[in-house]
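A.B. asks: Using this note's numbering, you'd call the opening residue of the sequence shown number 25 and step up by one each time.
Where a beta carbon is used, it is the ideal one built from N, C-alpha and C, also for glycine.
If you scroll down you'll find the structure; I have some questions about it.
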Amino acid sequence: MSNKNTKSDTTEKIVSLSKRRGFIFQSSEIYGGLNGCYDYGPLGVELLRNIKESWWREMTYRENVEGIDSSILMHPRVWEASGHVEHFSDPMVDCKECKGRFRADQLDESDCGNKGFKGRKAVKCFEEGKFTEARNFNLMFKTHIGPLEESSSAVYLRPETAQGIYVNFNNVRESSRQKIPFGIAQIGKAFRNEINTKNFLFRTREFEQMEMQFFVNPEEDSKWFDYWKEQRYNWFINYGMDKDKIKFHEHEKLAHYAKAAVDIEFEFPFGWGEIEGIHNRTDFDLKRHTEFSGKKIEYFDDQTKERFTPFVIETSAGASRSFFAFLCNAYDEEEIKKENSDGSVSSETRTVLRFHPSLAPVKAGIFPLVNRDGMQDIAHSITDDLRKTFNVFYDDSGAVGRRYRRQDECGTPFCITVDSETLTDNSVTVRHRDSMEQERIQKDRLKEYLKSKTD
Ligand code: ATP
């Protein structure tokens, strides 16, 4: 990045650009918003879909991974078996002075709401004894099936998509005739009643996950853990993550069922944060579901004649958190030279989202240089043709330089301009977002050109 903003400036600029250009809106904004919930606008939904689509293609277009889409509401026993009813809680404390509510294990990250101490970290108030004792708060949202709100009808909004995969292990294996090692993947919404939501899309109460559970012979668990760790890191890099902004974080303290755990972290403007976890969950989940449901979830290897409960290697990424990471990674500001109408040269700041072309919400902007000589008709016909395959945007308002800037802010990798040369030789200019260089291309080659650059 070439910008010289402070870190909090950058977050504010990204939040404001997100609203201005239609990436992210606050949920129920006209009613004052709903904390921890966001809506994806026209550009945001395209970016999110492209992220999910690239993940889906990468993870399920393989011989040994199947996709599913399980329901959000599940049998309540699922969450007893998984340990969520008993353990899925965070320690919560209240500040007696400002009445703020915090996660006790994240005080150094939270700002205390105490008016006299704006910007002060909550950990300071804790040290001064202003907090209540910590209480455990279960993060699952509870609701009821049917008209009666009794305990027997209680169900939960799933806090992760993984359990929908474990309970379908037998169904998927039998219907797809997969042999171990194989995986099951799904993308879907998850809900957590987080005590503190903060940092924009980083910690929200409703979000999407992209999870894949890979079932292996227990003797091969380490090999597959290493394999998926590398695959997942490479996926982020291949879609344009800056190598300096992404790293592994090994867990020193493991969950009681886990044998190994590593996070992929991204450097957000407010600091490093997890975007994906890769875990060796052993046979914990399948054994617990066997125990709680009374149905055997095992695997029989016809070759070795061995019967065993597979180990699970999990790759668990947040689609919404990855979205935010890709947005931060793409955000850039640079000083460029600007030619004024009187011939003089000055400089201006260009804001540009340098998305990987496959992720970019709009693939090309199409402009007539001027609105005469039939240039608009040609630009419209190029737009109609490309729109059958790509999300493209027609724009004929204002100077071409302004139109480029607007597309730069949306992260559009190519701008196609119809000019007077088009009228004589059917060529158009294609301007590249990152280098701002231009080349001439025959207009009937545009589809093939964009396909090769954005696939
Ligand atoms: P954290 O420690 O940040 O709460 P976690 O370790 O509880 O995360 P997991 O349960 O491993 O997270 O969930 C897998 C992924 O789901 C995370 O890497 C993250 O990308 C995403 N995720 C989890 N909680 C949230 C949330 N509240 N908002 C947005 N994304 C989330």
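Tell me the rounded alpha-carbon separation between Ile390 and Leu163.
C.D. replies: 47 Å
A.B. asks: Distance, Cα to Cα, Thr228 vs Tyr418?
C.D. replies: The straight-line gap from Cα to Cα measures roughly 34 Å.
A.B. asks: If we count the other Cβ atoms within 10 Å of its Cβ and call it buried at 16 or more, is His108 buried or exposed?
C.D. replies: buried
A.B. asks: Is His380 helix, strand or coil when you go by DSSP?
C.D. replies: The three-state reading of DSSP puts His380 in coil, since its state is none of H, G, I, E or B.
A.B. asks: Under a Cβ-count criterion, where at least 16 other Cβ atoms within 10 Å of its own Cβ denotes burial, should Arg427 be classed as buried or exposed?
C.D. replies: buried
A.B. asks: So Ser405 is in the beta strand (DSSP E); what residue range does that whole segment cover?
C.D. replies: Ser405 -> not in any beta strand (DSSP E); alpha helix (DSSP H) instead, spanning Met399 to Arg411.
A.B. asks: Anyone know if the C-beta pair for Thr167 and Asn59 falls short of 8 Å?
C.D. replies: no
A.B. asks: Express the C-alpha separation of Asn364 and Phe226 in angstroms, rounding to a whole number.
C.D. replies: 41 Å
A.B. asks: Is the Cβ-Cβ distance between Gly10 and Asn353 less than 8 Å?
C.D. replies: Shown here, the chain extends from 25 to 479; a query on residue 10 therefore has no answer.
A.B. asks: Helix, strand or coil for Leu41 per DSSP?
C.D. replies: helix
A.B. asks: Between the region 202-209 and the region 36-53, are three or more C-beta pairs nearer than 8 Å?
C.D. replies: Under the 8 Å Cβ criterion, the region 202-209 does not count as touching the region 36-53, having fewer than three qualifying pairs.
A.B. asks: Roughly how many angstroms lie between the CA atoms of Phe249 and Leu172, to the nearest whole one?
C.D. replies: 45 Å
A.B. asks: Between which two residues does the alpha helix (DSSP H) containing Tyr257 stretch?
C.D. replies: Asp245 to Asn262
A.B. asks: Assuming Asp432 is part of the alpha helix (DSSP H), what are its boundary residues?
C.D. replies: Val424 to Cys434
A.B. asks: Would you mind listing the beta strand (DSSP E) stretches within the region 124-181 that are 3+ residues and don't spill past its ends, in chain order?
C.D. replies: 125-127, 159-162, 165-168 and 178-181
A.B. asks: Output yes if chain C places a C-beta closer than 8 Å to the C-beta of Glu110; else output no.
C.D. replies: Of the chains in the structure shown, none is chain C; there is only one protein chain.
A.B. asks: For ligand 1, I want to know if Arg256 counts as a neighbour, meaning its beta carbon is within less than 7 Å of at least one of the ligand's heavy atoms.
C.D. replies: no
A.B. asks: Given a cut-off of 8 Å on the beta-carbon distance, is the pair Phe224 and Thr35 in contact?
C.D. replies: yes
A.B. asks: Confirm the yes/no value for this check: CB of Thr228, any heavy atom of ligand 1, distance under 7 Å.
C.D. replies: In this structure, ligand 1 has a non-hydrogen atom nearer than 7 Å to the beta-carbon of Thr228.
A.B. asks: Where do the ends of the alpha helix (DSSP H) carrying Tyr473 lie?
C.D. replies: Leu470 to Thr478
A.B. asks: Please indicate yes or no: does the CB of Arg305 lie closer than 7 Å to some heavy atom of ligand 1?
C.D. replies: False, no ligand heavy atom lies under 7 Å from that Cβ.
A.B. asks: Determine the direct distance from the alpha carbon of Lys213 to that of Lys28, and round the result to whole angstroms.
C.D. replies: Legend: pLDDT at Lys28 = 44, less than 50; position of this residue unreliable, value from coordinates given subsequently. One C-alpha to the other measures close to 36 Å.
A.B. asks: Do the region 151-163 and the region 111-120 make contact, defined as three or more Cβ pairs closer than 8 Å?
C.D. replies: yes
A.B. asks: Where does Gln47 fall in DSSP's three states?
C.D. replies: For the record, residue 47 in the displayed sequence is Phe; it is not Gln. In the structure shown, Phe47 sits in coil (DSSP, three-state: anything other than H, G, I, E or B).
A.B. asks: So, is Gly425 buried or exposed, given that buried needs 16 or more other C-beta atoms within 10 angstroms?
C.D. replies: By the 10 Å Cβ count, Gly425 comes out exposed.
A.B. asks: Taking 8 Å as the cut-off, does the region 325-339 touch the region 118-136 (at least 3 CB pairs, one atom from each stretch)?
C.D. replies: Segments in contact, no.
A.B. asks: Do Glu291 and Glu298 have their CB atoms nearer than 8 Å?
C.D. replies: no
A.B. asks: Does DSSP classify His99 as helix, strand or coil?
C.D. replies: coil
A.B. asks: Based on Cα-Cα distance, which residue from Val394, Lys361, Phe126 and Phe348 lies nearest to Tyr64?
C.D. replies: Each of Val394, Lys361, Phe126 and Phe348 was checked against the Cα of Tyr64, and the nearest Cα belongs to Phe348.
A.B. asks: Any heavy atom of ligand 1 closer than 7 Å to the beta-carbon of Phe249?
C.D. replies: no
A.B. asks: Just curious, the alpha helix (DSSP H) that Pro392 is in, first and last residue?
C.D. replies: Pro392 -> not in any alpha helix (DSSP H); beta strand (DSSP E) instead, spanning Ala388 to Pro392.
A.B. asks: Return yes when at least one heavy atom of ligand 1 lies under 7 Å from the C-beta of Ala341, else no.
C.D. replies: yes
A.B. asks: At a cut of 8 Å, does the region 299-306 reach the region 320-329 through at least three beta carbon pairs?
C.D. replies: no
A.B. asks: From which residue to which residue does the beta strand (DSSP E) around Met236 run?
C.D. replies: Glu230 to Val240
A.B. asks: Given 7 Å as the limit, tell me if Glu133 has its C-beta closer than that to any heavy atom belonging to ligand 1.
C.D. replies: no
A.B. asks: In terms of alpha-carbon separation, which member of Pro100, Arg125 and Lys361 lies closest to Ser317?
C.D. replies: Of the listed residues, the one whose Cα sits closest to Ser317 is Pro100.
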